[in-house]
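Residue numbers (the working numbering): 430 to 698. Using N, Cα and C, we set each Cβ at its ideal position, and we do this for glycine too. Everything numeric in this text was worked out from a predicted model, so none of it was measured. Shown next, in structure tokens, is the structure this report addresses.
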Ligand SMILES: Nc1ncnc2c1ncn2[C@@H]1O[C@H](COP(=O)(O)OP(=O)(O)OP(=O)(O)O)[C@@H](O)[C@H]1O
Ligand SMILES: [Mg+2]
């Protein structure tokens with residue numbers, strides 16, 4: 430049966446608790462195949478946790494997380510879990526690379542874990558991935574400590590892409606990068622998405638990243654997804670978190686002298 434927009438992830442009535450601390454209370458969210466969906470929400474609102482639940486790294490207290498739903502692989506357990514991880518790439522918020530491994534070995538790690546490729550193939554695949562993220566091959570033998578922040582993110586992205594994932598998770602991919610590096614990282618993501626038929630779930634509070642990449646934005650507040658839509662749609666949704674989020678963004682833009690942005694008309698508290 431064909432549906433117009435195919436879900437790749439479906440989250441239904443999800444609840445998360447750590448001890449007595451309730452993080453999510455009835456979260457519902459769908460991610461469509463081929464889109465870039467950005468999660469925004471205050472610090473501690475449970476964005477990273479939600480990504481980890483999508484990846485099956487964490488189990489919610491209640492509710493359902495279905496991934497690759499159209500292929501019904503969510504109905505049986507252990508082979509499925511393995512399958513999910515080989516079909517997803519992740520750029521974690523912290524600790525982008527293993528500091529004791531070279532650039533080459535960082536990218537080779539997920540390939541070696543498959544135990545099906547010989548070293549020659551692994552070498553070639555690592556070089557292809559380095560090329561994809563525009564890192565010259567002479568950097569392959571460097572240790573992460575010898576790389577700039579922008580290069581670390583690119584190498585971490587190459588590692589996330591090692592297994593040609595269909596789904597890519599990016600947790601604050603441009604945090605800590607200066608505007609220029611951040612912009613070139615965004616360009617890279619857009620190019621990869623065109624080439625690779627990727628679906629991307631991202632967490633970001635950086636406006637430029639958010640605007641350049643998001644097809645839709647989902648807002649986590651009050652322990653749930655309060656609204657989902659385009660930037661224009663969500664900035665008109667009345668909620669204190671959204672008001673303050675766009676207020677700080679508006680101030681930033683006023684400083685930069687931009688005037689034609691949709692969040693200019695966002696409701697203010
Ligand atoms: N393993 C855990 N054990 C206990 N509490 C946890 C655990 N993981 C997350 N939390 C708590 O759950 C809440 C949500 O955490 P999470 O890291 O998902 O937030 P976030 O929205 O990603 O925040 P940030 O914007 O700061 O990255 C926080 O209060 C955090 O302290
Ligand atoms: Mg986080």
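Cβ neighbour criterion (16 or more within 10 Å) applied to residue i
i, result
"residue 482", "buried"
"residue 489", "buried"
"residue 545", "exposed"
"residue 600", "buried"
"residue 585", "buried"
"residue 619", "exposed"
"residue 529", "exposed"
"residue 647", "buried"
"residue 476", "buried"
"residue 566", "exposed"
"residue 684", "exposed"
"residue 527", "exposed"
"residue 451", "exposed"
"residue 525", "buried"
"residue 574", "exposed"
"residue 499", "At residue 499, the pLDDT of 47 sits below 50, so the modelled position is not reliable; the number obtained from the coordinates is stated separately. Residue 499 is exposed by the Cβ-count criterion."
"residue 486", "exposed"
"residue 533", "buried"
Residue closest to residue i, alpha-carbon to alpha-carbon, out of the options
i, options, result
"residue 441", "580, 434, 435, 460", "460"
"residue 664", "547, 677, 653", "677"
"residue 593", "673, 452, 519", "519"
"residue 453", "464, 492, 595, 523", "492"
"residue 542", "622, 515, 559", "515"
"residue 458", "653, 618, 667, 582", "653"
"residue 614", "596, 469, 581, 624", "581"
"residue 591", "567, 476, 536, 450", "536"
"residue 617", "444, 575, 637, 562", "562"
"residue 597", "455, 465, 640, 646", "465"
"residue 531", "570, 551, 608, 539", "570"
"residue 606", "635, 673, 521", "635"
"residue 521", "434, 637, 602, 622", "602"
"residue 623", "649, 595, 583", "595"
"residue 523", "578, 626, 612, 495", "578"
"residue 435", "628, 655, 494", "628"
"residue 611", "640, 626, 672", "640"
"residue 638", "621, 649, 604", "604"
"residue 456", "679, 650, 680", "650"
Cβ separation of residue i and residue j, assumed to be a contact under 8 Å, to the nearest whole Å
i, j, result
"residue 670", "residue 471", "6 Å"
"residue 517", "residue 484", "6 Å"
"residue 587", "residue 558", "4 Å"
"residue 633", "residue 660", "About 12 Å; that fails the 8 Å criterion."
"residue 469", "residue 674", "7 Å"
"residue 437", "residue 462", "5 Å"
"residue 445", "residue 631", "Actually they do not touch by this definition, with Cβ atoms about 20 Å apart."
"residue 656", "residue 645", "At roughly 10 Å, the Cβ-Cβ gap does not stay under 8 Å, so residue 656 and residue 645 are not in contact."
Proximity test, Cβ basis, 8 Å: residue i and chain E
i, result
"residue 622", "Structure shown: chain E not included; a single protein chain is present."
Residues bridged to residue i [DSSP beta-bridge criterion]
i, result
"residue 491", "444"
"residue 439", "459, 495"
"residue 598", "519, 630"
"residue 648", "469, 656"
"residue 451", "446"
* To do: Specify which residues have a beta carbon nearer than 7 Å to any heavy atom of ligand 2, listing them in chain order.
  => Residue list for ligand 2: 476, 477, 522, 600, 601, 632 (CB closer than 7 Å to any heavy atom, chain order).
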